[in-house]
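Engineer:
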Amino acid sequence: QLINTQIADSNLNHANLEGTGLEQEKDSQSQRVIKPVMAESSGTEPLTTDLDLQSAPLPKTILANQNSLVLPEQREPFVESNQPEIESSQLTADNNITEPNSITEPNNSGEPSSSDEPNNDKPNNSVEPEKTEFTAEESPIANRQFQAPTAKHLRQGELVLDGRQRFFFTSNSTSADGTPFFISAGARFGVTNNLELALAIQAVDSGSFDPLDFDSSVVSPNNYDIALELKQRIWKNSSNTQALSGVVSASGLRRKFVFSRNGTTSEVDGDGIVPALQLPFTIAVGNRLDLTVAPTVAFFQEDSAVFVPRTPIANPGSFGTTVGLTGAVSYRLGSRLLLWGNAFVPFTGNNSVNRSTGLPAKTVAFNSGIRYLVNPRLGLDVFATNTFGTLGPLALTADREELGLGVGLVAMPDFAPGNRNYPNNFREQSNQPDTQFTTDGLGFFDGGTVPDGKVLIHFQGGSQGVLTALRFGLIKDLEILAYLDYISGTVDESEQGFGVKLRLLNQAEGLPFTASAAVTFGLTNQTFVNFFNNNRDEFSNQGLNKGVPFLLAGEEGEVGKLFVATLSFPVQYQLNDQIAFWFTPIAGFAQRKGLEIGGFSLGGSVEVIQDVSVLAEIGANFFR
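Just so you know, we're using our numbering here: the sequence shown kicks off at 664 and counts up by one.
1. Please classify GLN828 as buried or exposed, where buried requires at least 16 neighbouring CB atoms within 10 angstroms.
2. In chain order, what residues of the same chain lie with their CB nearer than 6 Å to the CB of ILE946, ignoring the 5 residues before and after it?
3. Buried or exposed, going by whether 16 or more other CB atoms sit within 10 Å of the CB of ARG1034?
4. Locate the beta strand (DSSP E) running through VAL937, then write down its first and last residues.
5. By how many angstroms is the C-alpha of PHE852 removed from the C-alpha of GLN941?
6. Are there three or more Cβ pairs, one per stretch, closer than 8 Å when the stretch 1053-1071 is compared with the stretch 1109-1116?
7. Taking Cβ positions, are ASP1103 and ALA1243 nearer each other than 8 Å?
8. Apply the 10 Å Cβ neighbour rule to LEU1225 and answer buried if 16 or more other Cβ atoms are within range, or exposed otherwise.
9. Give me the residue from LEU893, ARG1063 and VAL1211 with the minimum Cα distance to ASP1155.
10. Does the pairing of the stretch 1119-1128 with the stretch 1071-1087 give three or more beta-carbon distances under 8 Å?
11. LEU1041: which of TYR1149, LEU1072 and ASN1030 sits nearest, CA to CA?
12. From which residue to which residue does the alpha helix (DSSP H) around SER1151 run?
13. Measure the Cβ-Cβ separation of GLN1159 and LEU1186 and say whether it is below 8 Å.
14. Would you say THR1020 and ARG1063 are within 8 Å of each other, going by their C-beta atoms?
15. Rounded to whole angstroms, what's the CA-CA distance from THR989 to PHE1029? Just pull it up for me.
16. Per the DSSP calculation, GLY1125 is bridged to which residue(s)?
17. Buried or exposed for ALA890, going by 16 or more other Cβ atoms inside 10 Å?
18. Is it buried or exposed for TYR1085, if we count other Cβ within 10 angstroms and need 16 for buried?
19. Do ALA1181 and ARG1138 have their beta-carbon atoms positioned less than 8 Å apart in this structure?
20. Report the three-state DSSP secondary structure of ASN1084 (helix, strand or coil).
21. According to DSSP, is ILE864 helix, strand or coil?
22. Should VAL1118 be labelled buried (16 or more other beta-carbon atoms within 10 Å of its own) or exposed?
23. Can you give me the start and stop residues for the beta strand (DSSP E) that PHE1007 sits inside?
24. If I measure Cβ to Cβ from ALA848 and keep anything under 6 Å in the same chain, skipping five residues before and after, which residues do I get?
25. Compare the beta carbon distance of LEU1054 and SER912 with 8 Å and say whether it is the shorter of the two.
26. Once you ignore the five residues that flank GLN1241 on each side, which residues in its own chain have a CB closer than 7 Å to its CB?
27. Which class does LEU1207 belong to by DSSP, given the choice of helix, strand or coil?
28. From the DSSP output, which residues share a beta bridge with PRO972?
29. Tell me which residue opens and which closes the beta strand (DSSP E) that PHE1263 is part of.
30. Given a threshold of 16 other Cβ atoms within 10 Å of its Cβ, counted over all protein chains shown, does THR632 qualify as buried or as exposed?
31. Let me make sure I understand the geometry here. Which of PHE1051, LEU1215, LEU916 and GLN895 has the alpha-carbon closest to that of ASP888?
32. So, is PRO943 buried or exposed, given that buried needs 16 or more other C-beta atoms within 10 angstroms?
33. For ASN806, name the three-state secondary structure that DSSP assigns.
34. How about VAL1016 and VAL971: are their beta carbons less than 8 Å apart?
35. Would you please state the rounded distance, in angstroms, between the beta carbons of PHE1176 and GLN1254? I believe it to be under 8 Å.
36. Between ASN1014, VAL1037, ARG973 and ALA977, which lies nearest to GLY997 when the distance is taken from Cα to Cα?
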């Protein structure tokens, strides 16, 4: 029977048994089982044989060449197991993949399930086809992390990074005094299969709410919030379609508010820890729909709801303990596209401010959008919102009048052990190497992304100054970057900031062209007062000192240090190995100014000799 299995067809005739676990060992528990499969012949069933290479006698020709035998290479990142091989349809905790319509946990008891044990009473005369594609619903980011807490949990060792930026469409009365940028970055980690830990840093608007005839603002750099969240599973039903969890979160950092009226300025401190409690109950309905309802209570201070202040007027009202109900829904439209939304409805207390009266008020805090899965470990969110934050008590506060547009990314990087159980593509059940990146034009807004784990450095110098950028491939199709442009003279401003770029299409994978979406968020230095006042001599006239901008230092509008942001969609087309073209639409936003840049750049390059290209690029701006 051993001869009939045709070991040569199983790649064992050139295998090396050394170091593979197939050589004779004293511990019988370490034995590995190989299941060679005969090629099908017409009119017959394929023959399979469970072969224990340590106990079965091998032909002398194989034993004589034992040192030259090599096993087929194990596929990464799925774990190697000493258990008998199981069918792909029986994948369980060992690869951390769950049913899309259930709320499940892996078997961590250490005891093999009935499906893991071989059945020696039944002949194994049929083989199910091997699963070769990874479906979207198997990914954690297809079922979780839609801002509002749910009873679905990450597994132990899994890590999800989350970055979001909100652009608020402010009215004319507030746009001159505030920035429309609300940015957050955070991480969520599966401590155990039933316990999650989340942390986020959130920056809020440093501008005005304009209640009554007061001007109020948050004093930068005191406009940053740190939020911490713990989520513990309490219960789940036997069919794994319903679950209940408990969530404890808290926000805390220095918060300082400034109020001015008739030339008089006063400051109010809003320091203190703000806790919140939620009890999300989640139901999975079929393969596509998840519903969550969560009783919610936030213990706001009497004089502020995190970064929403009480105004210094007679009978100013209060915020205090706010009780309400949070609801969330997600629906999978197709293989990669999901709809999601959540809302917090307060019943008692206040989570906003009434602009017309300046008094604390209630409002429904909501987020609603779509998520596109670029790959099983990377998702893009686009959503409408009126909330001021993503995590913790800040996410329960909102603006009653203004609406914002949000963009967000969720990613599962390789450095977290649990994330390696998921491939970086939908085509196969294993990771695939990334394609070569593109370097188009004179900036870092090219169409592609830096490959996973690689670093790319930009350094340019000239009469204008020094332009630098550091780009890092976090995972396939996603890069993060930091940049510093230090400009000579006292007319044009310097800028320092961070950014992310997401590759949406990849020509190297058979698509018509390569396309990405990029967002940057930066801070200018003092010479930006020239641009802000439309006067090239304003910096010199005010006698300001010129410094090197650093984003985390915060804005200082009175001396020209203000936030700027860009949104671009670079597209690149590779005609052949020597010729490429690119087109990059871009929009630029300036704090207290709004949209200041709206245009594009267009260019091409030709390789004249190996590794040397000539390029040409032009740009056009249709604003200002």
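Using N, Cα and C, we set each Cβ at its ideal position, and we do this for glycine too.
Structural biologist: Looking at the coordinates:
1. Mapped onto the sequence shown, residue 828 falls at position 165. With a threshold of 16 other beta carbon atoms within 10 Å, GLN828 meets it and is buried.
2. Along the sequence shown, read from residue 1 onward, the residue named residue 946 stands at position 283. Taken in chain order, the residues that qualify are GLN905 and LEU954.
3. One-based indexing of the sequence shown puts residue 1034 at position 371. Buried, because 16 or more other Cβ atoms sit within 10 Å of the Cβ of ARG1034.
4. Reading the sequence shown from its first residue, position 274 is the one you call residue 937. In the DSSP assignment, VAL937 falls within the beta strand (DSSP E) that extends over 937-941.
5. Residue mapping note: residue 941 aligns to position 278 of the sequence shown, counting from 1. Residue mapping note: residue 852 aligns to position 189 of the sequence shown, counting from 1. Near 19 Å, if we compare the C-alpha coordinates of PHE852 and GLN941.
6. Contact fails: fewer than three Cβ-Cβ distances are below 8 Å.
7. As a first step, residue 1103 must be located in the sequence shown, where it is residue number 440. As a first step, residue 1243 must be located in the sequence shown, where it is residue number 580. Result yes, Cβ atoms of ASP1103 and ALA1243 sit closer than 8 Å.
8. Numbered from 1 along the sequence shown, position 562 holds the residue referred to as residue 1225. LEU1225 comes out buried.
9. Start at 1 with the first residue of the sequence shown, and residue 1155 comes out as number 492. Relative to the Cα of ASP1155, the nearest Cα in the group LEU893, ARG1063 and VAL1211 belongs to VAL1211.
10. Judged by Cβ distances under 8 Å, the stretch 1119-1128 makes no contact with the stretch 1071-1087, as fewer than three pairs qualify.
11. Locating residue 1041 in the sequence shown gives position 378, counting from the first residue. The candidate whose alpha carbon is nearest that of LEU1041 is LEU1072.
12. Here residue 1151 refers to the residue found at position 488 when the sequence shown is read from its first residue. Neither: SER1151 is in no alpha helix (DSSP H) and is coded neither H nor E.
13. Translated into positions along the sequence shown, residue 1159 becomes position 496. Translated into positions along the sequence shown, residue 1186 becomes position 523. In this structure, the beta-carbon distance from GLN1159 to LEU1186 falls below 8 Å.
14. Counted from its first residue, the sequence shown places residue 1020 at position 357. Counted from its first residue, the sequence shown places residue 1063 at position 400. No, these two residues do not count as a Cβ contact at 8 Å.
15. Reading the sequence shown from its first residue, position 326 is the one you call residue 989. Reading the sequence shown from its first residue, position 366 is the one you call residue 1029. Taking the straight line joining both Cα atoms gives about 9 Å.
16. Locating residue 1125 in the sequence shown gives position 462, where the first residue counts as 1. As computed with DSSP, GLY1125 is found in a beta bridge with GLY1128.
17. The sequence position of residue 890 within the sequence shown is 227, counting from 1. Residue environment for ALA890: buried (at least 16 other C-beta atoms within 10 angstroms of its C-beta).
18. In the sequence shown, counting from the first residue as 1, residue 1085 sits at position 422. By the beta-carbon neighbour count (other beta carbons within 10 angstroms, threshold 16), TYR1085 is buried.
19. Translated into positions along the sequence shown, residue 1138 becomes position 475. Translated into positions along the sequence shown, residue 1181 becomes position 518. Here the sequence assigns Ile to residue 1138, which means Arg is not the residue at that position. No, they are not a contact pair.
20. Here the question's residue 1084 lines up with position 421 in the sequence shown. When DSSP states are grouped into helix, strand and coil, ASN1084 belongs to the helix group.
21. Position 201 of the sequence shown, counted from the start, is the residue given in the question as residue 864. Of the three classes helix, strand and coil, the one that applies to ILE864 here is strand, per DSSP.
22. The count along the sequence shown starts at 1 and reaches residue 1118 at position 455. Counting Cβ neighbours within 10 Å, VAL1118 comes out exposed, since fewer than 16 surround it.
23. The residue you call residue 1007 lines up with position 344 of the sequence shown. Where PHE1007 is concerned, the enclosing beta strand (DSSP E) stretches over 1000-1011.
24. As a working mapping, residue 848 is identified with position 185 in the sequence shown. Closer than 6 Å at the Cβ level, and outside the excluded window around ALA848, lie GLY826 and ILE864.
25. For the purposes of this step, residue 1054 is identified with residue 391 of the sequence shown, where counting begins at 1. For the purposes of this step, residue 912 is identified with residue 249 of the sequence shown, where counting begins at 1. In contact: LEU1054 and SER912 (Cβ atoms closer than 8 Å).
26. The sequence position of residue 1241 within the sequence shown is 578, counting from 1. If you ignore the 5 residues before and after GLN1241, its C-beta comes within less than 7 Å of the C-beta of VAL1269 and GLU1270, all in its own chain and listed in chain order.
27. As a first step, residue 1207 must be located in the sequence shown, where it is residue number 544. Looking at LEU1207 - three-state DSSP - the assignment turns out to be coil, as it is neither helix nor strand.
28. To locate residue 972, count along the sequence shown from 1; it is residue 309. Looking at the DSSP assignment, PRO972 forms a beta bridge with SER967.
29. Residue numbering aside, residue 1263 sits at position 600 when the sequence shown is read from its first letter. PHE1263 -> beta strand (DSSP E) spans 1257-1272.
30. No information on residue 632 is available, as it lies outside the stretch 664 to 1287 that the chain covers here.
31. Numbered from its first residue, the sequence shown carries residue 888 at position 225. With distances taken between Cα atoms, ASP888 lies closest to LEU916.
32. As a first step, residue 943 is located in the sequence shown; it is residue number 280 there, counting from the start. Residue environment: PRO943 is assigned as buried (16 or more neighbouring CB atoms within 10 Å of its CB, all protein chains considered).
33. Counting from 1 along the sequence shown, the entry for residue 806 is found at position 143. In the three-state reduction of the DSSP assignment, ASN806 falls in the coil class, being assigned neither a helical nor a strand state.
34. Locating residue 1016 in the sequence shown gives position 353, counting from the first residue. Locating residue 971 in the sequence shown gives position 308, counting from the first residue. For VAL1016 and VAL971, yes; Cβs fall inside 8 Å.
35. Residue 1176 sits at position 513 when you count from the first residue of the sequence shown. Residue 1254 sits at position 591 when you count from the first residue of the sequence shown. Going by Cβ atoms, the distance from PHE1176 to GLN1254 rounds to 34 Å, so no, they are not a contact pair.
36. Working through the sequence shown from its first residue, we reach residue 997 at position 334. Taking only the C-alpha atoms, the option nearest GLY997 is VAL1037.
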